[in-house]
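Inspection log for the structure reproduced underneath, given as structure tokens.
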Amino acid sequence: MRWRIGGSHENDLPQGKREPFRRSVRAEKLRMTAAKTKRIWESFSKSRMGMLGLSILIAFIALALLAEPLYNLGLIQNPNNVMESSDPTQALFPPSPEHLLGTDERGRDVLSELFFGSKNSLIVGFAAALITMVLGAGIGLLAGSYGRGVDEVLMRSTDLFLVIPWLPFAVILATFLPPENKPSMFKIIIVIGVTSWPATARIVRAQVLSIRERAFVERATAVGSGKMHIMRTHLLPNVFPLVFANAILSVSYAILSEAFLSFFGLSDPSKITWGLMLYNGFNFGGFAHEAYWFVLPPGLCIISVVLGFTFVSYALDEILNPKLRRR
Amino acid sequence: MQSRAILLRKIVNLIILLWAVWTLNFFLFHMLPGDPAQALVGQRIPKEMVDELKHSFGLDQPLWRQYFTSLYSATKGDLGYSWFYDKPVTDVVLYRLQYTLLLVGVGTIFTVMIGVYLGIAAGSRRGEALDVAIVGSSLAFYAMPAFWLGMILLMVLAADLQLFPLSGFRRIGAIDQALSEAIVDVLWHMVLPVATFVLVSMSEFVLMMRNALVDVLTEDYIVTARAKGVAPSLIVRKHAVPNALLPTIATTAMFIGWMVTGAIMIEVVFSWPGIGRLTWDALSVRDYPVLQGIFLVVTLAMLIANFVADIIYTYIDPRVRI
Chain C
400 MRWRIGGSHE NDLPQGKREP FRRSVRAEKL RMTAAKTKRI WESFSKSRMG MLGLSILIAF
460 IALALLAEPL YNLGLIQNPN NVMESSDPTQ ALFPPSPEHL LGTDERGRDV LSELFFGSKN
520 SLIVGFAAAL ITMVLGAGIG LLAGSYGRGV DEVLMRSTDL FLVIPWLPFA VILATFLPPE
580 NKPSMFKIII VIGVTSWPAT ARIVRAQVLS IRERAFVERA TAVGSGKMHI MRTHLLPNVF
640 PLVFANAILS VSYAILSEAF LSFFGLSDPS KITWGLMLYN GFNFGGFAHE AYWFVLPPGL
700 CIISVVLGFT FVSYALDEIL NPKLRRR
Chain D
41 MQSRAILLRK IVNLIILLWA VWTLNFFLFH MLPGDPAQAL VGQRIPKEMV DELKHSFGLD
101 QPLWRQYFTS LYSATKGDLG YSWFYDKPVT DVVLYRLQYT LLLVGVGTIF TVMIGVYLGI
161 AAGSRRGEAL DVAIVGSSLA FYAMPAFWLG MILLMVLAAD LQLFPLSGFR RIGAIDQALS
221 EAIVDVLWHM VLPVATFVLV SMSEFVLMMR NALVDVLTED YIVTARAKGV APSLIVRKHA
281 VPNALLPTIA TTAMFIGWMV TGAIMIEVVF SWPGIGRLTW DALSVRDYPV LQGIFLVVTL
341 AMLIANFVAD IIYTYIDPRV RI
């Protein structure tokens with residue numbers, strides 16, 4: 400074990416006082432984080448764009464959360480259960496009091512599909528964005544804090560992933576990843592996650608490079624803090640707001656990407672998403688029969704949610720990134 | 041002298057990237073669980089025949105030898121053989137690539153022209169109604185899946201109002217059209233796919249150009265020009281736009297991938313016989329070599345496009361050369 404001065408001051412304290420001191424440090428940190436969050440929220444709530452985006456998102460999250468309870472109450476169908484919800488005699492019926500948004504090519508209720516579609520599309524979006532965030536932030540942090548060889552290798556591979564045309568690559572991945580030829584939601588999440596981290600990695604690396612030069616990091620190095628310790632306690636908290644704003648944006652990319660992959664028939668047909676609805680609409684008659692009620696709603700949902708995430712991310716970026724503030 | 045060294049370094053970089061993409065693709069294919077040959081021909085073919093097939097394709101060789109053999113043939117332009125089309129993959133993909141290049145080429149010209157024009161219109165009237173309208177609609181098109189917009193345009197303009205043909209590249213059964221007639225026919229079929237392409241890819245340019253212009257308009261030299269009494273329209277056109285164009289052009293290369301993705305989906309909706317439609321067909325018959333060929337050829341095309349954009353930018357902006 401190397402002897403270190405920095406890292407924690409608690410080493411200087413007598414044995415008995417260590418616990419309360421640690422607790423008070425923790426309380427102070429918590430108080431500071433809360434104050435910072437409150438400040439950000441105060442500026443955010445003044446941004447009209449941000450609040451519009453946030454209310455759109457809350458509406459869709461509510462839609463997604465209501466899917467199961469409404470089904471349990473018997474108000475809507477569960478279109479994921481194809482056998483139970485299909486009724487071929489009712490295929491492609493226009494909107495009526497019984498089916499407020501009409502029916503699809505199997506006679507399923509389009510409104511019910513929207514409820515369950517919101518749920519699955521949002522799950523894919525959030526899960527894929529989480530992978531993007533972890534991979535992007537991790538690689539960006541490593542590249543930025545280690546420099547030299549590590550940086551070179553990581554950034555070259557980031558460049559490689561940046562130039563690869565997304566759709567053909569994602570199509571190949573989705574077909575080749577095991578289990579082969581079996582579409583699944585999990586696979587779609589993985590494919591989107593591992594193809595979209597490079598942009599995040601670049602942004603994080605650039606930010607790390609600038610933070611690394613600041614005095615407090617230098618001081619930490621001077622007192623002997625290790626690379627890992629600096630990364631965890633000094634760099635990560637400082638890049639986190641940026642990573643967060645970026646992750647929100649990647650949710651919208653992930654939802655669009657899911658729709659693209661579904662449109663190529665690569666998603667699980669028993670898990671309704673907005674993309675799958677459009678795929679069904681295009682391939683099984685909805686499109687040829689001009690079933691507007693079937694084709695319009697999923698597209699409008701995608702547009703609203705993507706805009707919602709974009710607005711929130713933009714408003715956050717404006718608060719967290721002083722350079723972007725209006726001159 | 042120095043610029044030649046930079047060019048050389050960029051070419052070397054391009055070749056390394058190409059090799060890396062090719063290697064990635066090779067190992068992805070060999071990651072297939074189980075027997076790739078068996079997966080390709082199906083389960084009902086007897087094992088002896090599969091072994092014979094594997095031998096004739098060299099799939100029974102050790103992996104490193106396969107790697108170098110196929111790398112060698114790839115440098116000669118051989119990307120394997122399509123089971124479905126019964127032709128070399130390179131032939132199939134390159135033939136279809138022409139149609140995609142036509143769509144993307146014409147579409148990009150319109151995209152850049154209209155996008156930059158609207159960006160200037162919005163940026164020079166920051167905060168006014170026109171600015172809000174342009175930015176708002178750009179955002180809406182940016183959030184739109186390309187294939188969905190294509191479907192809506194087809195349903196409204198082609199199926200309902202019957203203003204445009206429903207699908208394809210030319211009229212069905214068009215064999216002995218005169219040249220002029222054929223050109224009109226093709227142009228007629230291009231209207232909707234190109235319009236969809238322009239609408240979904242334009243927003244990036246509009247927003248980029250607008251923001252660059254808004255930024256430039258706050259610079260000191262603009263204030264000087266204004267103080268001198270230069271007409272506002274002249275300030276925008278002569279002083280601000282040329283400088284605002286630079287970052288817009290520089291980022292064009294970044295959108296190429298996004299635009300190709302859009303084009304691929306648009307082709308599927310409009311049955312345009314390009315790369316996108318080929319992807320769709322190859323997926324439905326599980327023609328893996330063609331899928332890989334598409335991936336490699338599109339990557340190559342994008343790398344070249346990036347390279348050209350880089351060179352053009354160096355030429356336009358002398359600051360980059362130093």
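Going down the list, the protein sequences come from chains C and D.
For what it's worth, our numbering labels the leading residue of the first sequence as 400, then goes sequentially.
For what it's worth, our numbering labels the leading residue of the second sequence as 41, then goes sequentially.
Note that CB positions come from ideal geometry on N, CA and C, so glycine has one too.
Closer than 8 Å at the beta carbon, the chain C residues around residue 104/D: Reading the second sequence from its first residue, position 64 is the one you call residue 104/D. Those do not exist, as residue 104/D stays about 21 Å from chain C at its closest Cβ, beyond 8 Å.
Considering just the uninterrupted stretch of the alpha helix (DSSP H) at residue 157/D, what are its terminal residues? In the second sequence, counting from the first residue as 1, residue 157/D sits at position 117. First-last of the alpha helix (DSSP H) with residue 157/D: 129-163.
Please classify residue 405/C: does DSSP put it in a helix, a strand, or coil? To locate residue 405/C, count along the first sequence from 1; it is residue 6. Residue placement at residue 405/C is poorly supported in this model, since its pLDDT is 47, which falls under 50; the coordinates still yield a value, given next. In the structure shown, residue 405/C adopts coil according to DSSP, grouped into three states.
Look at the Cβ atom of residue 701/C, then the Cβ atom of residue 658/C, and state whether they are nearer than 8 Å. Position 302 of the first sequence, counted from the start, is the residue given in the question as residue 701/C. Position 259 of the first sequence, counted from the start, is the residue given in the question as residue 658/C. Taking 8 Å as the Cβ cut-off, residue 701/C and residue 658/C qualify as a contacting pair.
Quick one: which residues of the region 157-168 of chain D get their C-beta closer than 7 Å to a C-beta of chain C? List them in chain order. So the list is empty, because no residue satisfies the distance condition.
Only counting runs of 4 or more residues, tell me where the alpha helix (DSSP H) segments fall wholly within the region 161-243 of chain D, in order along the chain. If we require 4 residues or more, the alpha helix (DSSP H) runs fully inside the region 161-243 of chain D come out as 169-182, 186-193.
Range covered by the alpha helix (DSSP H) that runs through residue 599/C: Mapped onto the first sequence, residue 599/C falls at position 200. For residue 599/C, the uninterrupted alpha helix (DSSP H) segment begins and ends at 596-611.
Let me see if you follow: with CB-CB separation under 8 Å, is residue 778/C close to chain D or not? Chain C is shown only over 400 to 726; residue 778/C falls outside these bounds and no answer can be derived.
Start and end of the alpha helix (DSSP H) containing residue 630/C? For the purposes of this step, residue 630/C is taken as the residue at position 231 of the first sequence. For residue 630/C, there is no enclosing alpha helix (DSSP H), as DSSP marks it with neither H nor E.
Closer than 9 Å at the beta carbon, the chain D residues around residue 458/C: The residue labelled residue 458/C in the question sits at position 59 within the first sequence. Simply none; closest approach about 16 Å.
Buried or exposed by the 16-neighbour rule on C-beta atoms within 10 Å, applied to residue 723/C: To locate residue 723/C, count along the first sequence from 1; it is residue 324. Summary for residue 723/C: the model assigns pLDDT 49, below 50, so the residue's position carries little reliability; its value from the coordinates is reported in the next sentence. Exposed, since its Cβ has fewer than 16 Cβ neighbours within 10 Å.
Would a check of beta-carbon distances place residue 346/D closer than 8 Å to chain C? In the second sequence, residue 346/D corresponds to position 306, counting from 1. It does: the Cβ of residue 346/D has a partner Cβ on chain C nearer than 8 Å.
At 7 Å on the CB atoms, spell out the chain C contacts of residue 199/D, in chain order. Your numbering for residue 199/D matches position 159 in the second sequence. Within 7 Å of the CB of residue 199/D, the CB atoms of chain C belong to 689, in sequence order along the chain.
Would you call residue 136/D buried or exposed, if buried means 16 or more other Cβ atoms sit within 10 Å of its Cβ? Working through the second sequence from its first residue, we reach residue 136/D at position 96. Buried is the call here.
Rank 325/D, 283/D, 210/D by C-alpha distance to the C-alpha of residue 356/D and give the top, closest one. Counted from its first residue, the second sequence places residue 356/D at position 316. Here the closest residue by C-alpha is 283/D.
Residue 682/C lies in the alpha helix (DSSP H); which residues open and close that run? Sequence index remark: in the first sequence, residue 682/C carries index 283 (1-based). Residues 673-682.
Short CB-CB distance (under 8 Å) between residue 66/D and chain C: Taking the second sequence and counting its residues from 1, the one referred to as residue 66/D is at position 26. Closer than 8 Å to the CB of residue 66/D there is not a single CB belonging to chain C.
Check whether chain D comes within 8 Å of residue 487/C, counting only Cβ atoms and requiring the distance to be less than that. As a working mapping, residue 487/C is identified with position 88 in the first sequence. For residue 487/C, the answer is no, since every Cβ of chain D falls outside 8 Å of its Cβ.
Using 8 Å as the threshold, is the C-beta distance between residue 162/D and residue 266/D below it? Taking the first residue of the second sequence as position 1, residue 162/D is located at position 122. Taking the first residue of the second sequence as position 1, residue 266/D is located at position 226. Cβ distance not < 8 Å, so residue 162/D and residue 266/D don't count as in contact.
Opening and closing residue of the alpha helix (DSSP H) in which residue 325/D lies: Residue 325/D sits at position 285 when you count from the first residue of the second sequence. Start and end: 315-325.
Taking residue 574/C as the query, report the chain D residues whose CB atoms sit under 9 Å from its CB, ordered along the chain. The residue you call residue 574/C lines up with position 175 of the first sequence. Within chain D, the residues whose beta carbon sits less than 9 Å from that of residue 574/C are 323, 326, 328, 331, listed in sequence order.
Since I believe residue 65/D is in contact with residue 336/D (beta carbons under 8 Å), could you give me their beta-carbon distance rounded to a whole number of angstroms? Taking the first residue of the second sequence as position 1, residue 336/D is located at position 296. Taking the first residue of the second sequence as position 1, residue 65/D is located at position 25. About 6 Å; that satisfies the 8 Å criterion.
Could you run through the region 548-566 of chain C and flag, in chain order, every residue whose CB is less than 9 Å away from some CB of chain D? Cβ contacts with chain D: 555, 556, 558, 559, 561, 562, 563, 564, 565, 566.
What would DSSP say about residue 508/C, mapped onto helix, strand or coil? One-based indexing of the first sequence puts residue 508/C at position 109. Here residue 508/C sits in strand by DSSP.
Could you check whether residue 712/C and residue 648/C sit closer than 8 Å to each other, using their CB atoms as the reference points? Looking up residue 648/C in the first sequence gives position 249. Looking up residue 712/C in the first sequence gives position 313. In contact: residue 648/C and residue 712/C (Cβ atoms closer than 8 Å).
Output the distance between the C-alpha atoms of residue 553/C and residue 169/D, rounded to the nearest integer angstrom. Residue mapping note: residue 553/C aligns to position 154 of the first sequence, counting from 1. Residue mapping note: residue 169/D aligns to position 129 of the second sequence, counting from 1. Straight-line spacing of the CA atoms in residue 553/C and residue 169/D works out to 46 Å.
Beta-carbon within less than 7 Å of residue 644/C's beta-carbon, same chain only, minus the 5 sequence neighbours each way: which residues are those? Taking the first sequence and counting its residues from 1, the one referred to as residue 644/C is at position 245. Cβ-Cβ distances below 7 Å link residue 644/C to 712, 715, 716, 719 in the same chain, with the five nearest sequence neighbours on each side left out; the list follows chain order.
Ordered list of beta strand (DSSP E) runs contained in the region 686-726 of chain C, each at least 3 residues: The region 686-726 of chain C contains no whole beta strand (DSSP E) run of 3 or more residues.
Could you check whether residue 517/C and residue 463/C sit closer than 8 Å to each other, using their CB atoms as the reference points? Position 64 of the first sequence, counting from 1, holds the residue named residue 463/C. Position 118 of the first sequence, counting from 1, holds the residue named residue 517/C. By the CB criterion at 8 Å, residue 463/C and residue 517/C fall inside the cutoff.
So, is residue 604/C buried or exposed, given that buried needs 16 or more other C-beta atoms within 10 angstroms? Taking the first residue of the first sequence as 1, we reach residue 604/C at position 205. Residue environment for residue 604/C: buried (at least 16 other C-beta atoms within 10 angstroms of its C-beta).
Please decide whether residue 571/C counts as near chain D, where near means a Cβ-Cβ distance under 8 Å. Here residue 571/C corresponds to residue number 172 of the first sequence, with the count starting at 1. Using beta-carbon distances, residue 571/C counts as an interface residue toward chain D, with a partner under 8 Å.
Under the three-state reduction of DSSP, which class applies to residue 258/D: helix, strand or coil? In the second sequence, residue 258/D corresponds to position 218, counting from 1. DSSP places residue 258/D in coil when its eight states are reduced to three.
Helix, strand or coil for residue 669/C? Go by DSSP, reduced to three states. Looking up residue 669/C in the first sequence gives position 270. DSSP, read as helix, strand or coil, puts residue 669/C in coil.
Alpha helix (DSSP H) containing residue 481/C: first to last residue? Looking up residue 481/C in the first sequence gives position 82. Its alpha helix (DSSP H) spans residues 481-484.
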